[in-house]
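Engineer: Note that numbering that gives the first Met the number 0 numbers the sequence shown so that position 267 is 266, with each residue one more than the last. A virtual CB, placed ideally from N, CA and C, is assigned to each residue, including glycine.
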Amino acid sequence: MPLTINNILVKEGPATEMDFPLRPTVTSVIPDSTETVATPGTVAVPNIPAGTPSSHQPIQPKDFHHHHFPDMEIFLRRFANEYPNITRLYSLGKSVESRELYVMEISDNPGVHEPGEPEFKYIGNMHGNEVVGRELLLNLIEYLCKNFGTDPEVTDLVRSTRIHLMPSMNPDGYEKSQEGDSMSVVGRNNSNNFDLNRNFPDQFVPITDPTQPETIAVMSWVKEYPFVLSANLHGGSLVVNYPFDDNEQGVATYSKSPDDAVFQQIALSYSKENSQMFQGRPCKDMSILNEYFPHGITNGASWYNVPGGMQDWNYLQTNCFEVTIELGCVKYPFESELPKYWEQNRRSLIQFMKQVHQGVKGFVLDATDGRGILNATLSVAEINHPVTTYKAGDYWRLLVPGTYKITASARGYNPVTKNVTVRSEGAVQVNFTLVRSSTDANNESKKGKGDSTSTDDASDPTTKEFEALIKHLSAENGLEGFMLSSSSDLALYRYHSYKDLSEFLRGLVMNYPHITNLTTLGQSAEYRHIWSLEISNKPNMSEPEEPKIRFVAGIHGNAPVGTELLLALAEFLCLNYKKNPVVTQLVDRTRIVIVPSLNPDGRERAQEKECTSRTGQTNARGKDLDTDFTSNASQPETKAIIENLIQKQDFSLSIALEGGSVLVTYPYDKPVQTVENKETLKHLASLYANNHPSMHMGQPSCPNKSDENIPGGVMRGAEWHSHLGSMKDYSVTYGHCPEITVYTSCCYFPSAAQLPALWAENKRSLLSMLVEVHKGVHGLVKDKAGKPISKAVIVLNEGIKVHTKEGGYFHVLLAPGVHNINAIAEGYQQQHLQVFVHHDAASSVQIVFDTDNRIFGLPRELVVTVAGATMSALILTACIIWCICSIKSNRHKDGFHRLRQHHDEYEDEIRMMSTGSKKSLLSHEFQDETDTEEETLYSSKH
0 MPLTINNILV KEGPATEMDF PLRPTVTSVI PDSTETVATP GTVAVPNIPA
50 GTPSSHQPIQ PKDFHHHHFP DMEIFLRRFA NEYPNITRLY SLGKSVESRE
100 LYVMEISDNP GVHEPGEPEF KYIGNMHGNE VVGRELLLNL IEYLCKNFGT
150 DPEVTDLVRS TRIHLMPSMN PDGYEKSQEG DSMSVVGRNN SNNFDLNRNF
200 PDQFVPITDP TQPETIAVMS WVKEYPFVLS ANLHGGSLVV NYPFDDNEQG
250 VATYSKSPDD AVFQQIALSY SKENSQMFQG RPCKDMSILN EYFPHGITNG
300 ASWYNVPGGM QDWNYLQTNC FEVTIELGCV KYPFESELPK YWEQNRRSLI
350 QFMKQVHQGV KGFVLDATDG RGILNATLSV AEINHPVTTY KAGDYWRLLV
400 PGTYKITASA RGYNPVTKNV TVRSEGAVQV NFTLVRSSTD ANNESKKGKG
450 DSTSTDDASD PTTKEFEALI KHLSAENGLE GFMLSSSSDL ALYRYHSYKD
500 LSEFLRGLVM NYPHITNLTT LGQSAEYRHI WSLEISNKPN MSEPEEPKIR
550 FVAGIHGNAP VGTELLLALA EFLCLNYKKN PVVTQLVDRT RIVIVPSLNP
600 DGRERAQEKE CTSRTGQTNA RGKDLDTDFT SNASQPETKA IIENLIQKQD
650 FSLSIALEGG SVLVTYPYDK PVQTVENKET LKHLASLYAN NHPSMHMGQP
700 SCPNKSDENI PGGVMRGAEW HSHLGSMKDY SVTYGHCPEI TVYTSCCYFP
750 SAAQLPALWA ENKRSLLSML VEVHKGVHGL VKDKAGKPIS KAVIVLNEGI
800 KVHTKEGGYF HVLLAPGVHN INAIAEGYQQ QHLQVFVHHD AASSVQIVFD
850 TDNRIFGLPR ELVVTVAGAT MSALILTACI IWCICSIKSN RHKDGFHRLR
900 QHHDEYEDEI RMMSTGSKKS LLSHEFQDET DTEEETLYSS KH
């Protein structure tokens, strides 16, 4: 509580010493028995009943008048300027007539999502002629700002809640409306004459109207922030309306949501503080229907059917519970009545915000490393409406008092179920710690098959420092602070011809020789160089342990914006190296390759301010280069890129810059039934779009396609412009490198005066790619002796393949979540493991191969035993045969010896005797021998 001491006397000489003992106004939540981890930022906000006496009187707004757009804009900027410690003014985009869709954030830490702190929003003036909500939210901004730090209720609420207030969703319609309007529809719709509260996707009825810029902006906003509770402020009656707003039959009947009890509770929290609303009989003097709403609340469809409403979309598509509040029977009351509306609704507005602290909250954590698990699911038994966790694993689940069975689950983890008792005094905190389901299986698979472990670089403080930097830059607004602290004084005032581009690149190399290297990949059809600039702390040196990223532009010469953006990026990195610590670390740990102009011949033919002209789109031979990336590439430009970049297979990420719209496409450009690794490719594309101020809204608003709607600003290439032979398809298929194509502007060749604005729009997105390339999975593959294994095959999720580089290193980008990895190397056992990829850090693995123990698919021991037995049998058989043959051979040799001996004697006798025949002598000799008849016969035959 604040403390004031009066009449302090200050004298000459030493300073007067005064101590101020302050007592806290915020009470910590007492953990219940189910809490597993204590977390910061959990405060109890008491539900103060209306009329509770208090010695402190909060400051009330005094200036009540209708704020047209310029007046509202000045009001918002004034409070953002006067209260910078608790406010942040930002825009979701622009209306049809280009008015900013402003939001004022009020928080004790504006611009940052504090883990464990819920986020709340109010939206006003969705129908332009229903203006009370607009003025009440401006009053509320003044009330919260002026009372923070002095009023305990306001102070506690701002410290414990991140509050977002959007005074006008339909500023165009407001400007058409008329003061005093009670029943008309003038100004109700937006400038395209569409009712924004019939413009959201619906669960029962197809919405055929084109999605409006204001609708797209709000949908993107709600998808980006972890809103828990919201109200949409309308006029024309006096009631709180809760989901569902329609049903399959399209008739006025109660349409119950799974959380009907919760919606009734939060609706009552508003109506009971507004005595006139709580009576339930609004507009008695105006309505011919004599409507009655018990306690001032109603189910939407029970009142009347509203297909395409915003509140149902919030509930069904996000974690956010939203109601619609009708603030009065007069849509545009006279200015003099505005103080009355504030007085009737101020307590309701505060009490409704406090409902964000009801139910259950907590964290879902990984048992292995204690990190929060993103997109884990929290399910409540018998209530068919799960919610998901945010980046830090934090979640919030609104529930009425009672006992529930709540299950936390996540892909790759064993689910955990707890019984939880919810009380009426604030949210109960319940944390869940999940164990990875693959742990035991991985341990078993490792037995006798080598090891696969996470690496730990704790011994390297610089590595830990860099990991902390990547995590910081991945946080909400992390890149904003980085860009504000960097020098960005770039001369973006003209386009560079081929000659100017060449001189610019040479100038960078001459001025920054220690971090740049300029090479030519080849020449165009007209013999212009296709320049490649490397930016690294060790340019032109092999650093396989570092991720490598490439930026390519100018594949179509008539779209040179990308070329200029890449030249600006190169200069930005060089200017800030050794001056900005973030740029320095990114350059030191990344190999950045920039190819600013792939089609220099076409660029020389194109003309500035030609927004739709195709002149210069093709190369000098009339070939669209984005159709020539095939195994039979015919053009020198595509051959240069294929041979000197893509087929090197050492890039982790590629970004190609194009023109003609404002969106990002991911592979494939060719028609395919399924897209391998789609989740990762779409994640990379969404990351670029979400860091762009308008791209993520999905409404390029190009003059020739004004009604174009691209959800999230991201689309598969084939759905945008299907064709064969594209660079990104070739990169994914043959280069094993994910590539996205960024369309930077509707105009192919806009005026040079637009270049500074285009750089400002794309700068954050381009830098986010330098951060993202350090995520995913990186690892080292080696054998048991510690020898690195290069050219091993890493198969991801049974589809995508990468190869280990020199030194056994590999790196691959993957969407957050659990992924399967198979590692294969010739002569070694195949390795299997699962890895969990975080959204803000790389997952590091080390794969140790053991010698392959299988021959012909059979265990080595079995094969060796069988082979040994077989060889022994063969040797034994050979010995037996040899022995038999030897015996016979000896006998034959003996017979021949004797025959030869007698033959010699016979010849001697022939010479000595003059009579007798050879036959008689031979017969005589053989009859005297003891040889067998068989041997005699054998000898005589020879």
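Can you tell me where the beta strand (DSSP E) with Ala657 in it begins and where it stops?
Structural biologist: Note that residue 657 is Glu in the sequence shown here, rather than Ala. Its beta strand (DSSP E) spans residues 652 to 657.
Engineer: Near Glu908, what residues of its chain come up, given a Cβ to Cβ distance below 6 Å and the 5 sequence neighbours on each side ignored?
Structural biologist: Any answer about Glu908 is weak, because its pLDDT of 48 lies below 50 and its placement is not dependable; what the coordinates show is given next. Once the five neighbours on either side are set aside, Glu908 has no close Cβ partner at all.
Engineer: Once you ignore the five residues that flank Leu564 on each side, which residues in its own chain have a CB closer than 8 Å to its CB?
Structural biologist: Ala552, Leu656, Thr743, Leu757, Trp758, Asn761, Leu765
Engineer: By alpha-carbon positions, which one of Ala791, Pro212, Asn138, Val261 ends up nearest to Glu957?
Structural biologist: Summary: the structure shown does not reach residue 957, with the chain confined to residues 0 through 941, and so no result is reported for it.
Engineer: When you compare only the Cα positions, how much space is there between Ile534 and Gln698?
Structural biologist: 34 Å
Engineer: Would you check if the region 610 to 629 and the region 718 to 737 touch, i.e. whether three or more CB-CB distances between them fall below 8 Å?
Structural biologist: yes
Engineer: At the level of alpha carbons, what is the spacing between Asn84 and Arg158?
Structural biologist: 12 Å
Engineer: Ends of the alpha helix (DSSP H) at Arg763?
Structural biologist: 754 to 771
Engineer: Do Arg346 and Glu272 have their beta-carbon atoms positioned less than 8 Å apart in this structure?
Structural biologist: yes
Engineer: Work out the CA separation of Leu373 and Lys669 for me, nearest whole Å.
Structural biologist: It is roughly 32 Å from the alpha-carbon of Lys669 to the alpha-carbon of Leu373.
Engineer: With a threshold of 6 Å on Cβ separation, who are the neighbours of Val594 within its own chain once the five nearest residues in sequence on each side are excluded?
Structural biologist: Ser531, Val551
Engineer: CA-CA distance, His896 and Ser871?
Structural biologist: Confidence in His896 is poor, its pLDDT being 48 and thus under 50, which makes the residue's placement too unreliable to answer from.
Engineer: Verify whether the separation of the beta carbon atoms of Gly411 and Phe835 is less than 8 Å.
Structural biologist: yes
Engineer: Can you list the beta strand (DSSP E) stretches of 3 or more residues lying completely in the region 85 to 140, in chain order?
Structural biologist: 86 to 93, 99 to 105, 118 to 123
Engineer: Whole angstroms is fine: what's the gap from Leu566's alpha carbon to Glu502's?
Structural biologist: 12 Å
Engineer: Are at least three pairs of beta-carbons, each pair with one atom in the region 296 to 310 and one in the region 195 to 209, less than 8 Å apart?
Structural biologist: yes
Engineer: Do Cys736 and Ser651 have their CB atoms nearer than 8 Å?
Structural biologist: Cys736 places its beta carbon less than 8 Å from that of Ser651.
Engineer: Could you give the first and the last residue of the continuous alpha helix (DSSP H) run that contains Pro580?
Structural biologist: Boundaries of the alpha helix (DSSP H) around Pro580: 580 to 587.
Engineer: From the DSSP output, in three-state form, read off Arg527 for me.
Structural biologist: coil
Engineer: Thinking C-beta only, is Tyr827 closer than 8 Å to Pro543?
Structural biologist: No, Cβ-Cβ distance for Pro543 and Tyr827 is not below 8 Å.
Engineer: Hey, could you find the ends of the alpha helix (DSSP H) Asn313 is sitting in?
Structural biologist: In the DSSP assignment, Asn313 falls within the unbroken alpha helix (DSSP H) covering 309 to 316.
Engineer: For Ile788, which three-state DSSP category applies?
Structural biologist: coil
Engineer: How is the alpha helix (DSSP H) around Ser190 delimited, first residue to last?
Structural biologist: Segment: none, Ser190 is in no alpha helix (DSSP H) and carries neither H nor E.
Engineer: Is the region 354 to 373 touching the region 329 to 344, taking contact as three or more C-beta pairs under 8 Å?
Structural biologist: no
Engineer: Need the endpoints of the beta strand (DSSP E) that Leu228 sits in, please.
Structural biologist: 226 to 233
Engineer: What whole-angstrom Cβ distance do Ile554 and Leu597 have, given they're in contact under 8 Å?
Structural biologist: 5 Å
Engineer: Measuring CA to CA, which of Leu398, Gly115, Val102, Ser106 is closest to Pro170?
Structural biologist: It is Val102 whose Cα lies nearest to the Cα of Pro170.
Engineer: Specify the secondary structure class of Tyr394 as computed by DSSP and reduced to three states.
Structural biologist: In this structure, Tyr394 counts as strand in the three-state DSSP scheme.
Engineer: Considering only DSSP beta bridges, list what Thr402 is partnered with.
Structural biologist: According to the DSSP secondary-structure assignment, Thr402 is paired through a beta bridge with Thr420.
Engineer: Measure the CB-CB distance between Phe226 and Asn108 and report whether it falls below 8 Å.
Structural biologist: In this structure, Asn108 does not lie closer than 8 Å to Phe226 by Cβ.
Engineer: Here's the rule I'm using: 16 or more other beta-carbon atoms within 10 Å means buried, otherwise exposed. How should His55 be labelled?
Structural biologist: Around the Cβ of His55, a 10 Å sphere holds fewer than 16 other Cβ atoms; the residue is exposed.
Engineer: Hey, could you find the ends of the beta strand (DSSP E) Ala688 is sitting in?
Structural biologist: Looking at the DSSP string, Ala688 is not in any beta strand (DSSP E); the run it does join, the alpha helix (DSSP H), is 677 to 689.
Engineer: Around the Cβ of Arg77, are there at least 16 other Cβ atoms within 10 angstroms (buried) or fewer (exposed)?
Structural biologist: exposed
Engineer: Suppose the cutoff is 6 Å on Cβ atoms and the five residues either side in sequence are ignored; what does the same chain contact list for Val508 look like?
Structural biologist: Thr515, Leu517
Engineer: Which of the three DSSP states, helix, strand or coil, is assigned to Cys573?
Structural biologist: helix
Engineer: Can you list, in chain order, the residues of its chain whose CB lies under 7 Å from that of Leu267, leaving out five sequence neighbours each side?
Structural biologist: His294, Ile296
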